[in-house]
Amino acid sequence: TPPTHAPTPDGTPGNGGPQTATYNKELGVPSCAIGVSCDTLLLLDGRHKVGPEPNQPNTLDNCSDGTGGNYHSDESLDAIFISSDSGEDITEGSTVTVKADAWCWDNGRYDFIYFFHASDATDPDWNLTGRIQCTGGGKQTLSVSYELPKGTLQAVRVSIRYENGNVAQGACGSGSFDDTDDVVIEVKEDPSFQGTTDTGTTEAEEQVETVKESTNSDQQTHDKKKQHRKGERKRKQQLRKKNGPR
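Numbering (our numbering), first residue to last: 8 to 253.
See below:
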């Protein structure tokens, strides 16, 4: 079934209203026209060949997905929903909330969701918006909010990554279970908004630098997590053989 989200306010008369994303062949990702919200629905569901994700990798820079595991047993980024906090059209300088529907492995303790944004979808320079650990296993909906910079064609990127070891990969995760997806949104121009297109180093980026340092100094823990995952997979395979098909 399609992901479900709370209804978006209609906003002021004459706005674009809620928008459903369509695949943009030129950009290679889902995109939305100006409106109060943008919903990808099933356009991002799954990960690469592991799941039914159409038009994979669905990234502006051909950042590819990992191919390990199985659909809705292992990680995938399934949907992105962007909405204006004010209920009016998504506009330069306005605050938006980005919700991501992700499938997290096991109990979620090893999976992290990374949110990025770029002011120019045609030449994205990714800024980290936030990083959140999965709160459980299976389907999880996680969100961040941020103020839009200048730019009438902006992009949002969400990436689910297994373990903190992949934080060093920047805006493109390279792990076997990582899934990265982009969405392009048309943004209403506000001539009075004097913000810049460059948001600089954010608090979220500083947080990730701290995580990166602690991860690099604790390779033993990183290796133990990998062994745990291998052990869990072996145990599940043995149970399937013992109990037969579900």
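Beta carbons: idealized from backbone N, C-alpha and C, even for Gly.
| Check | Outcome |
| --- | --- |
| Under the three-state DSSP convention, the category residue 65 falls into | coil |
| Own chain residues within Cβ distance below 7 Å of residue 210, not counting five before or after | Unreliable positioning characterises residue 210 in this predicted model, as indicated by a pLDDT of 47, which lies under 50. A coordinate reading is not provided. |
| Nearest-angstrom Cα separation, counted from residue 49 out to residue 90 | 17 Å |
| Integer-rounded CB distance, given that residue 187 should sit under 8 Å from residue 113 | The pair is not a contact, with the Cβ atoms about 20 Å apart (cut-off 8 Å). |
| Opening and closing residue of the beta strand (DSSP E) in which residue 37 lies | 36-39 |
| Anticipated Cβ contact below 8 Å, residue 193 with residue 41, distance rounded | 5 Å |
| Three-way DSSP call (helix, strand, coil) for residue 227 in this model | For residue 227, the predicted structure reports a pLDDT of 45, less than 50, and the residue's modelled location is therefore unreliable. A value from the coordinates is still provided. DSSP places residue 227 in helix when its eight states are reduced to three. |
| Through-space distance from residue 116 to residue 26, alpha-carbon basis | 33 Å |
| Where residue 214 falls: helix, strand or coil (DSSP) | Only weak support is given to the placement of residue 214: the predicted model assigns it a pLDDT of 48, under 50, and the value that follows is read from those uncertain coordinates. Three-state DSSP puts residue 214 in a helix. |
| Contacting residues, own chain, Cβ-Cβ under 6 Å from residue 195 (five flanking each side not counted) | 41, 96, 98 |
| Closest Cα partner of residue 86 within the set 160, 147, 134, 118 | 147 |
| DSSP beta-bridge partners of residue 155 | Bridge partners of residue 155: none, in fact. |
| Chain-order list of residues whose beta-carbon lies under 6 Å from that of residue 79 (same chain, five-residue window excluded) | 110 |
| Supposed close pair residue 77, residue 57 - CB separation, criterion 8 Å | 6 Å |
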